[in-house]
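For the protein sequence lines, the chains are C and D, in the order given. The numbering used here puts the first residue of the first sequence at 78, with every later residue one more than the last. The numbering used here puts the first residue of the second sequence at 1338, with every later residue one more than the last. Glycine included, C-beta positions come from ideal geometry on N, C-alpha and C. Each remark here refers to the structure printed beneath this line.
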Amino acid sequence: KAGVTQTPRYLIKTRGQQVTLSCSPISGHRSVSWYQQTPGQGLQFLFEYFSETQRNKGNFPGRFSGRQFSNSRSEMNVSTLELGDSALYLCASSLKSGSTAYEQYFGPGTRLTVT
Amino acid sequence: QQQVKQSPQSLIVQKGGISIINCAYENTAFDYFPWYQQFPGKGPALLIAIRPDVSEKKEGRFTISFNKSAKQFSLHIMDSQPGDSATYFCAAMSPVVSSNTGKLIFGQGTTLQVKP
């Protein structure tokens, strides 16, 4: 089975711009969660989507948003980029049912640099 | 109350030795405790996980010890190898209940170096 894929892998943007990141979960997984990883703050939960609905949201400003499509693929968008948004953005997929309901599998991430 | 505290921040172990990483949590509602391994340039990989109804889980050279009363859990890497050199994260999650969901709360990470 193919793992979680994220595109693009690297991105350089300028302050004030917006960016869209994409995530394709493991086949059959219906839940997609997004996390931000920085050296200072570590791994922080952004939000989770399940059945095209946002189920939970972390403590991030409204500039961070996401959506999920009917095929479970997900996108996250960051508007009005700030220097502090530079981070590795990770997507994780989960089956969300059965004995492995809790298990989250991460993609390689998208490295976003804001200049 | 949502925090997970991880220690040590960094760890150096000789090849063949035992690596021990500790985590502590406050929220008694947490009921899933995974460990992730991350190599540079890669996403975190699920290593091993435990639920609070058991005190220990072993998979190969990796063991989780769980102390529910102390609200602590730890990862033991037996016979540590240079290939184990990576950053390790503990995490905790609240119950996945119906349409609601749990989110992973991560510790700050431990950088492990295994010397040949």
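Query                                                                                                                                                           : Result
Under the three-state reduction of DSSP, which class applies to G143 of chain C: helix, strand or coil?                                                         : strand
Look at the alpha carbon of T190 of chain C and the alpha carbon of A169 of chain C, and state the distance between them as a whole number of angstroms.        : 21 Å
Going by the DSSP bridge assignment, what does I1401 of chain D pair with across the sheet?                                                                     : D:K1394, D:L1412
So, at 7 Å on beta carbons, what are the nonlocal neighbours of Q1339 of chain D in its own chain, with the 5 sequence-adjacent residues on each side left out? : N1364, I1442
Which whole-angstrom value is the C-beta distance of K1440 of chain D and S151 of chain C, which I expect to be below 8 Å?                                      : Not quite, the Cβ-Cβ distance comes to about 15 Å (not below 8 Å), so this is no contact.
Note down the Cα distance separating N133 of chain C from K1352 of chain D, rounded to an integer number of angstroms.                                          : 42 Å
Would a check of beta-carbon distances place E152 of chain C closer than 9 Å to chain D?                                                                        : no
If the cut is a Cβ gap below 7 Å, which residues of chain C does M1430 of chain D touch?                                                                        : Y179
Please confirm if S1356 of chain D has its CB atom under 9 Å from at least one CB of chain C.                                                                   : no
Does A1361 of chain D have its Cβ less than 9 Å from a Cβ in chain C?                                                                                           : no
Closer than 9 Å by beta-carbon distance: list the chain C residues that pair up with L1449 of chain D, in chain order.                                          : Result: empty, since nearest Cβ-Cβ is about 16 Å, beyond 9 Å.
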